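Everything below concerns the one structure shown next.
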Amino acid sequence: MDLNIRIAGEAGQGIKTTGHLLVDAFASMGLWVFSTQSYMSRIRGGLNWQDVRIADYPITSSREDADLLVALTAEALATLAEEVTEGGLILYDGNEAEGAVAIPFTDTAKQRGKAIMANSVAGGAVFTVLGYPLDPLTGYLDEVFQAKGEEVVQTNRDLVHRGAELASEHAGALQAPEPAGAPRTVYDGMEATALSAAVSGVKFVCAYPMTPSTGVFTWLAQHDEQYGIVVEQAEDEIAAVNMACGATYAGVPTLVTTSGGGLALMSEGISLAGMHELPVVIYLAQRPGPATGLPTRTGQGDLLFALRTGHGEFPRAIFAPGSPRQCHELMRRALETAHRWQTPVIFMTDQYLADLSLNMEPLDGSVRPIDRCIATDAGEGYRRYEITESGVSPRAIPGGDAFVVLDSDEHDETGHITENLEIAQAMMDKRLRKIDGMIAEALPPELYRDDDGAETLLICWGSTYLPCREAVDILRMRGISAAMLHFAQVWPLDRDAVRERIGSRGRVVCVEGNAWGQLAMILREQQLLGDAELLTRYDGLPLTAAEIADRVEG
Amino acid sequence: MRRLHSESPTWCPGCGNFSILRTLDSALDEAGIDRHRLVLVSGIGQAAKLPHYTRANVFNGLHGRALPAATAIKLANHGLEVLITSGDGDMYGEGGNHFIHAIRRNIGVKCFVHNNQVYGLTKGQASPTSDCGMQTPIQTHGVMLRPFNPLAIAIVEGTPFVARSLAVDRAHLQEMMVAALKHDGGFTLLDILQPCPSFNKRNTAKWYRERVRPIGDDHDPTDMHAALDLAMTWGDEIPIGIIYRKKGRPKLEDLNPVLANVPLVEQYAG
Ligand SMILES: Cc1ncc(C[n+]2csc(CCOP(=O)(O)OP(=O)(O)O)c2C)c(N)n1
Ligand SMILES: [Mg+2]
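Residue numbers (my numbering), protein chains in the order written: chain A, 4 to 557; chain B, 2 to 271.
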């Protein structure tokens, strides 16, 4: 069984703190946890919430309704009460409220300590209505506040118990899942990505802040000394991408973080990385556009842009992980691909995936720097753009015996400017040839539950992975023969591998977080997709498993 | 200077870039710069082609974007000497925002701007430093915008070394280049007035020669107000020399604890 808890209120009320508290405490009990955030773009006020879904089986997507609403404001109560399931419960931060159990979290916290400790009161109340013992909660708080001293620890403990007391009339009112031995370690997509970048050897990070990409930038800034990373906040995204070109030229693996608007400003610089043949990796966290769009919401509307951005023709790779674990694996692969093929790579995620957290087995946090594929034996007579069969030329870095010459103009093998058109053609061919090698090692899309050659195939990419997978499970439970095909690498495509996996189906449904079905467009262009339906959502919220399953069933 | 490739400079006869190129070669030798540890960074323009005619590492990037690339090269390997040679359009126009922020960072790169007060490569449009009234194929009624003053901006924003020279006065130029190359206080700006015989018929070599005045010994380059006076002097008289030089501002690469020991690139264990 599963249960969805929604903590809602205004920005600045500590929703995230309460959310984190619950997520970590539930995980420490061995419950499966899956948590997502829904935020408005403002620092104070508005209506925000965090969902914490728990279950006695692994869960991979959010739900639209909630079994327990923790409303911190009257607006949250008024707006979200109708999404509470029958038999559900509402806790309200106040002295009285119709249809809700009123518990003054904030006032209670103020009496004993500070208003910001209201989350401890709320935590005590939530655990009580779910019929859980308080130990995991107080244990977690002890750990978190240890550094702040015994008094803070004790106050928080007291407040948890006070919250429990205030909710005691409704103790065990909701049936809650039993602990199921789930892993205790919790990750969100952002942290899984940033950790991977750090342990894979990223040494330079440059960016201009833009939601929802800022989390990775911030994480790396906060771990700079631990991993030896120079973090530079650029004056704009144009500077950021050109810095990345400079830093990679000098030999350090580099990450640029941005969202769609920033990527637009980076367009020329991405083309430069293609021309200079530099391993520039861009972390692109999408939000809905056009223009400034919905800054704190999610979407998958930038796939075609990521594929096309940058003038001229040059090879690139695009990765689109579907889960925090894939974020971790693919950030490393993105860096390796960029270095092996000396060309820009875009790593695409979105607000939903960056912010979602779940528990899983610990990720590998050991430092294992990638091979930069640097030629150490280059000397006199070195040619940076030597024509080779694979298209990859030995890459030396400045400071050694060889002069390393790069030009954004077309250049000869030595890197110097040329207008000799024969050389120009040879250089174009050399660069473009790299795509063949990149295709040969491209990740094939992942098939899920297709052992019996499913009748209906759901095709998706990036963050739609987890909801789509769960939708397949739901459809199968309803007796519908469905499978999923997920693209974690969207470009380049191994066409044979894709064709074979799509196979011939009764029905193909492309599930995407954009209006036009952008992966479907790419697959059609590559002559890999015949008749297919689109199942899209582009209102700023993620697709959920239930929604996909219902819409597929029709 | 030995050229590494067959194509010769694509500059017009009488272009100030020839003189800048030759002088740079001798200045690098005089300053004792190891060419293998030198990176020349440029954007796009006639001036920005200069690195191609030298023996050094070269990062010839995008129009206007030399500074961010140079900044990152220095942060990635602060053991390298990073020298930017680019045009006025590149540095003060397309790259204007980066110019301001490179000064704020006080990154230890040298920035030589070939200031011909015009866009040469694109055939003679106004640049940010074009004089008011200059007619061009685009500015058909004459330039109406007030010229940008790179030196005054640089001084106000705290650039630790601000100098001006004249491309065709090779002795003065070499002296300024050497002083700039030897300066170790962070961002270093040398603005080089450069005749463009093809597209700037107003600020010709003769015009500059009649006006430039070497700054006298009585000038105190640590005095910001005196320096600003010189930076704002333009017209009948144009001061050349070291206008502003001030010690004490830490360089960005010295402030970051990650760079405290060895250059970043040498910290890579993979
Ligand atoms: C993004 C971009 N915009 C415009 C151009 C065209 N362009 C190349 S150089 C240049 C101006 C060059 O002026 P300056 O930097 O003063 O160099 P000069 O040729 O005078 O030495 C322009 C407009 C370009 N290459 N890239
Ligand atoms: Mg110019």
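Idealized CB from N, CA, C, for every residue including glycine. Note that the structure is a prediction, hence the values are computed from the model and not measured.
When the Cα of residue i is compared with those of the options, which residue comes out closest?
{"i": "R250/B", "options": "P161/B, G121/B, K75/B", "result": "P161/B"}
{"i": "P142/B", "options": "C133/B, S43/B, F149/B", "result": "The question names Pro, but residue 142/B is His in the sequence shown. Checked all of C133/B, S43/B, F149/B; the closest Cα to H142/B is C133/B."}
{"i": "D534/A", "options": "T547/A, A58/A, I462/A", "result": "I462/A"}
{"i": "S128/B", "options": "I243/B, V59/B, N201/B, L84/B", "result": "N201/B"}
{"i": "M480/A", "options": "T417/A, K433/A, D553/A, T467/A", "result": "D553/A"}
{"i": "S38/A", "options": "L522/A, L6/A, Q16/A, S44/A", "result": "L6/A"}
{"i": "H414/A", "options": "Y60/A, D404/A, Q428/A, G402/A", "result": "Q428/A"}
{"i": "A484/A", "options": "T251/A, Q114/A, T459/A", "result": "For clarity, residue 484/A is Ser in the given sequence; the question names Ala instead. That would be T459/A, whose Cα lies nearest to the Cα of S484/A."}
{"i": "E563/A", "options": "A128/A, R502/A, G482/A", "result": "Limits of chain A in this structure are 4 at one end and 557 at the other, which puts residue 563/A out of reach."}
{"i": "D454/A", "options": "V408/A, E416/A, R504/A, V407/A", "result": "R504/A"}
{"i": "K113/A", "options": "E101/A, G97/A, V104/A", "result": "G97/A"}
{"i": "L265/B", "options": "H79/B, H173/B, P148/B", "result": "H79/B"}
{"i": "G88/B", "options": "L29/B, N18/B, A71/B", "result": "N18/B"}
{"i": "R472/A", "options": "V259/A, A549/A, M430/A", "result": "A549/A"}
{"i": "T111/A", "options": "G175/A, E271/A, V132/A, N159/A", "result": "N159/A"}
Do residue i and ligand 1 come close, with the Cβ less than 7 Å from some heavy atom?
{"i": "Y120/B", "result": "yes"}
{"i": "S87/B", "result": "yes"}
{"i": "D132/B", "result": "no"}
{"i": "H53/B", "result": "no"}
{"i": "T123/B", "result": "yes"}
{"i": "E95/B", "result": "yes"}
{"i": "H64/B", "result": "yes"}
{"i": "E271/A", "result": "yes"}
Hey, is residue i close to ligand 2, as in C-beta under 7 Å from one of its heavy atoms?
{"i": "A48/B", "result": "yes"}
{"i": "N117/B", "result": "yes"}
{"i": "S128/B", "result": "yes"}
{"i": "G90/B", "result": "yes"}
For residue i, which residues in the same chain have their Cβ closer than 7 Å to its Cβ, ignoring the five residues on either side in sequence?
{"i": "R203/B", "result": "D132, M135"}
{"i": "D542/A", "result": "none"}
{"i": "R4/B", "result": "Any reading at R4/B needs caution, since the residue's pLDDT is 43, under 50, leaving its predicted position unreliable; the model's value is listed next. Within the same chain, R4/B has close Cβ partners Y54."}
{"i": "G218/A", "result": "M193, A357"}
{"i": "G382/A", "result": "D404, A405"}
{"i": "T547/A", "result": "S64, S65, R66, E67, P470"}
{"i": "G33/A", "result": "P182, A183, G184, A185"}
{"i": "Q149/A", "result": "V156"}
{"i": "M524/A", "result": "L307"}
{"i": "Q268/B", "result": "none"}
{"i": "A237/A", "result": "C209, A210, Y211, A243, M246"}
{"i": "G304/A", "result": "Q289, P291, G292, N517, Y541"}
Leaving out the 5 sequence neighbours to the left and right, which residues in its chain are closer than 6 Å to residue i when beta-carbon positions are compared?
{"i": "A11/A", "result": "W52, A74, A79, L83"}
{"i": "G65/B", "result": "G44, D91, E95, G96"}
{"i": "D68/A", "result": "E86, T88"}
{"i": "V233/A", "result": "F207"}
{"i": "L191/B", "result": "F113, A164, M177, A181"}
{"i": "V234/B", "result": "According to the sequence displayed, residue 234/B carries Thr and not Val. Excluding residues within five positions, the ones whose Cβ falls inside 6 Å are P240."}
{"i": "L122/B", "result": "G46, Q47"}
{"i": "E339/A", "result": "I373"}
{"i": "P401/A", "result": "V407"}
{"i": "L256/B", "result": "none"}
Would residue i count as contacting chain E if we go by Cβ distances under 8 Å?
{"i": "P258/B", "result": "Going by chain labels, chain E is absent from the structure shown, which instead holds the protein chains A and B."}
Kindly examine ligand 4 and report whether one of its heavy atoms sits closer than 7 Å to the Cβ of residue i.
{"i": "I45/B", "result": "No copy of ligand 4 occurs in the structure displayed; its ligands are ligand 1 and ligand 2 alone."}
Kindly list the residues whose CB is nearer than 8 Å to the CB of residue i, restricted to its own chain and excluding five residues on each side of it in sequence; keep chain order.
{"i": "M2/B", "result": "Note on M2/B: pLDDT 40, under 50, position unreliable in the model; the coordinate value appears next. Counting only Cβ-Cβ distances below 8 Å, and skipping sequence neighbours, we find L22, R23, D26, Y54, T55, R56."}
Taking a cut of 9 Å between CB atoms, which residues from the region 195-222 of chain A lie near chain B?
-> Residues passing the 9 Å Cβ filter: S203, G204, K206, F207, C209.
Curious, which full-length beta strand (DSSP E) runs of at least 3 residues does the region 132-161 of chain A contain?
-> None, since the region 132-161 of chain A contains no complete beta strand (DSSP E) of that length.
Of all the residues that make up the region 404-424 of chain A, which are near chain B by a beta-carbon distance shorter than 9 Å?
-> Contact residues of the region 404-424 of chain A toward chain B are D404, A405, F406, V407, V408, L409, D410, S411, D412, H414, D415, T417, G418, H419, I420, T421, E422, N423 (C-beta to C-beta distance below 9 Å).
Beta strand (DSSP E) segments (min. 3 residues) lying fully within the region 452-532 of chain A | Here the runs fully enclosed are 459-464, 485-490, 492-494, 510-515.
Entirely enclosed beta strand (DSSP E) segments - the region 56-135 of chain A, minimum 3 residues | The qualifying runs are 69-74, 87-95.
What residues in the region 322-336 of chain A bring their beta carbon closer than 8 Å to a beta carbon of chain B?
-> So nothing in the stretch comes that close.
Can you check the region 283-371 of chain A for any beta strand (DSSP E) of at least 3 residues that lies completely inside it and give the ranges in chain order?
-> As far as the region 283-371 of chain A is concerned, its whole beta strand (DSSP E) runs of at least 3 residues are 284-289, 320-322, 348-353, 360-362.
Entirely enclosed beta strand (DSSP E) segments - the region 184-272 of chain A, minimum 3 residues | As summarised for the region 184-272 of chain A, the continuous beta strand (DSSP E) elements at least 3 residues long and confined to that stretch are 189-191, 207-210, 233-236, 257-261, given in chain order.
The region 240-256 of chain A: positions lying closer than 9 Å to chain B by Cβ | Correct list: I241, A242, A243, V244, N245, M246, A247, C248, G249, A250, T251, Y252, A253, G254, V255, P256.
Could you pull out every unbroken beta strand (DSSP E) segment of at least 3 residues lying fully inside the region 114-171 of chain B, listed in chain order?
-> Correct list: 162-167.
Where the region 380-397 of chain A meets chain B: residues whose CB sits under 9 Å from a CB there = Of all residues in the region 380-397 of chain A, none has a Cβ within less than 9 Å of some Cβ in chain B.
For the region 86-119 of chain B, which residues have a CB atom closer than 8 Å to at least one CB atom of chain A, in sequence order?
-> When CB distances to chain A are screened at a threshold of 8 Å, the residues of the region 86-119 of chain B falling below it are N98, H99, I101, H102, in chain order.
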